[in-house]
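Presented below is the structure to which this report refers.
There are 2 protein chains.
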Amino acid sequence: MAESAHRTTARILDILELVAEHPTGLTLADLSRRLDIPKSSLHPLATTLAVRKYLHYNPREERYYAGESLFVYGNKFINNVDILEKIRNVLLSVNQKINETLYFGVLSNLDVLYLIKMDLFSQFRVVSNIGNKLPAYSTGYGKALLSQYSPRQIEQFFPDGKLKSITANTLATVDELNAQLAEIRRTGFSYEKGESTEGIQCVATAIIVDGSYLAGMSIAVPEFRYTAEREIQFKSLLLEAKQQIQKIISEQRNQWIYSGEFV
Amino acid sequence: MAESAHRTTARILDILELVAEHPTGLTLADLSRRLDIPKSSLHPLATTLAVRKYLHYNPREERYYAGESLFVYGNKFINNVDILEKIRNVLLSVNQKINETLYFGVLSNLDVLYLIKMDLFSQFRVVSNIGNKLPAYSTGYGKALLSQYSPRQIEQFFPDGKLKSITANTLATVDELNAQLAEIRRTGFSYEKGESTEGIQCVATAIIVDGSYLAGMSIAVPEFRYTAEREIQFKSLLLEAKQQIQKIISEQRNQWIYSGEFV
DNA sequence: CTTTTGTATTCGTATATACGAACTATGTTC
DNA sequence: GAACATAGTTCGTATATACGAATACAAAAG
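Okay, structure coming up:
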């Protein structure tokens, strides 16, 4: 299927993504240079994107900024998936028992994508990381999801055998990763010790329906609050929530739009 | 400037928006019919959008769904605007004093667009309406923002003099709206009594910097918890927050990407 | 088993779009 | 104030793209 992509479509997406990554804005000439597209070609695309509010053009400083539409339609997506609402409720009940941060998300190629975050109720979410991506191998539930693949497949995903480090604790080699994945396959639980965020430990597990690894969830706790006894409680709550979520998804299997597989 | 929009760009955005509105998915033929574009023209666009994860194609049921990318880049947008983070902190301090729902948003043509919602801390956000739009005249801070326009301009915005109703309490005519706007201009405060959501009352105000109406905020309370005494407290907190936010925005005026004006 | 109706996909040519060059406008440098 | 950068904009033609018709394939109906 290795499609020869439609050039204009690819260009439009390139524009949107580039602008989304640059909060300080970009001029038309900036876009032209960075995307290697003639200004005259970019011009009608950019003006149309601005009319539709996917971009915001400030005429005074001659800069394009990310527009509201991407945000508007992106949130429609996440709010419409009503299965996610049910999953939020499951997470909520866990959250109320332990009052620690919960994450729920899926694999997106070799990254994890956070779909739901549920914070401590003592402190409000100020900076959210919903919609963020991180390398799967650096996170608790990412590793749980990677455990569906054989050691050989994992090796193929990382041809040079090395893993880019996020913190000082990130696993460094495919061999270390495969060792952990074997253990995860055996127990069903995955652990993260400050591998994506310094000072945060996680217990995590994958959501598996009919043998397909569809999603993952984790409990994230600051090191100093992470004890052996609490870990036992966390795992028991995770297991319970996992079964509930698996039931929810299997009842509305067709509504689960994520393949959950590496494409 | 009434640009003759770039057809292909408009088509791509039409596809994205249509699919975002249809959680149950659409076939290529559905898209073709609804957008009045030949299937053969749509095909390369849709496959490219799918490769880039803006669409998700389920080959078994031959349907396109909203993909994750819109969500991913939409959230990048909202998280990158660091001025919003500071505003969230101001709202948070208000929220902690009264424990009621707060909204913050901007005008988007004649709608309000919710950028921030802060819930009661006793109950978790399960269904969010961040990213949603509502007619400005039906909401508290929407009316506060509309008050920047003269009665004549308001009349021009609604040429037939009638306002589409959202609930039984929505203002019905431009004359009623203009009467309220005059009062809002005088006092700086705006009220909503179940006009967008049955049973919810709001007090609201506009954020105004150098004479420009940039954004709005509101406190939303269930009717039975809305008393005259609390209203006094709400207005005092709104005023304080308003001044703080105006200060924040005026200090980073160039970072405020919204014109705040009807375009 | 044949027909109908639904889907996606392919292909050659008509057509909309892209692009280089030239241009305008504004601000900066010397 | 002349010279130089910076930006956005316009235009005619070369070229990539769009589209109708035809194809393929699957499922449902007769």
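Read top to bottom, the protein sequences are chains E and X. Residues 1 to 263 in this note's numbering are what the first sequence lists, from first letter to last. Residues 264 to 526 in this note's numbering are what the second sequence lists, from first letter to last. The beta-carbon is built from N, C-alpha and C at its ideal position, and this holds for glycine as well. Please read all numbers here as calculations on a predicted model, not as lab measurements.
- Put simply, of E/S165, E/L28, E/K162 and E/V81 the residue whose alpha carbon is nearest the alpha carbon of E/I248 is E/V81.
- The beta carbon of X/I275 lies closer than 8 Å to those of L308 and L312 in the same chain, with the five residues before and after it left out.
- Rounded to whole angstroms, the Cβ separation of X/S304 and X/G403 is 45 Å, and the two are not in contact under 8 Å.
- The criterion of a C-beta distance shorter than 7 Å is satisfied by X/L408 and X/G479.
- X/V353 has its alpha-carbon roughly 16 Å from the corresponding atom of X/I471.
- The alpha-carbon of E/L16 is positioned some 15 Å away from that of X/V314.
- Cβ-Cβ distances below 7 Å link E/P222 to G199 and I200 in the same chain, with the five nearest sequence neighbours on each side left out; the list follows chain order.
- A contact is defined here as three or more CB-CB pairs under 8 Å, and the stretch 24-37 of chain E meets this definition with respect to the stretch 58-67 of chain E.
- For E/T173, the secondary structure class from DSSP, reduced to helix, strand or coil, is strand.
- Excluding sequence positions up to five before and after E/A66, its CB lies within less than 6 Å of the CB of V19 and A20, all in the same chain and listed in chain order.
- In summary, X/L502 is exposed, with fewer than 16 beta-carbon neighbours lying within 10 Å of its beta-carbon over all protein chains present.
- In this structure E/L84 is in contact with E/I116, their Cβ atoms being roughly 7 Å apart against a cut-off of 8 Å.
- Contact check for X/L444 against X/S475 fails: the beta carbons are separated by 7 Å or more.
- The beta carbon of E/E176 sits no closer than 7 Å to any beta carbon of chain X.
- E/I130 sits buried, since 16 or more C-beta atoms from the chains shown fall within 10 Å of its C-beta.
- The criterion of a C-beta distance shorter than 7 Å is not satisfied by X/V357 and X/A491.
- Contact residues of the stretch 30-54 of chain E toward chain X are P44, L45, T47, T48, L49, V51, R52, K53 and Y54 (C-beta to C-beta distance below 8 Å).
- For X/V375, the enclosing beta strand (DSSP E) starts and ends at D374 to M381.
- Secondary-structure assignment with DSSP links E/N58 through a beta bridge to E/R63.
- When DSSP reads this structure, X/Y476 sits in a beta bridge with X/I471.
- X/I429 and X/L383 do not touch by the CB rule: their CB atoms are close to 23 Å apart, not below 8 Å.
- Secondary structure in the stretch 389-453 of chain X: the beta strand (DSSP E) runs of 3 residues or longer, each lying completely within the stretch, are 396-398 in chain order.
- About 7 Å separates the Cβ atoms of X/I361 and X/F497, confirming a contact at the 8 Å cut-off.
- Cβ atoms of E/N178 and E/P159 stay farther apart than 8 Å, at about 14 Å.
- Among the residues facing chain E, X/V335 is included, as its CB has a counterpart in that chain under 7 Å away.
- Interface flag for E/F157 against chain X is unset, since no Cβ pair is found closer than 7 Å.
- In terms of Cα proximity to E/L113, the closest of E/Q246, E/G142, E/D175 and E/K164 is E/G142.
- Secondary structure of E/V81 (DSSP, three-state): coil.
- Per DSSP, X/L370 is not a residue of any alpha helix (DSSP H); the beta strand (DSSP E) it occupies stretches across T364 to S371.
- E/I37 carries a coil assignment under DSSP once its states are collapsed to helix, strand and coil.
- Beta-bridge annotation (DSSP): E/E192 is paired with E/C202.
- Here DSSP, grouped into helix, strand and coil, assigns E/P222 to strand.
- Within the stretch 83-100 of chain E, E85, R88, N89, L92 and N95 place their CB atoms closer than 8 Å to a CB of chain X, listed in sequence order.
- Taking a C-beta cut-off of 8 Å against chain E, the contacting residues of the stretch 266-278 of chain X are E266, A268, H269, T271, T272, A273, I275 and L276, listed in chain order.
- Not a single C-beta of chain E is nearer than 7 Å to the C-beta of X/K380.
- Between the alpha carbons of E/E192 and E/A206 lies a distance of about 14 Å.
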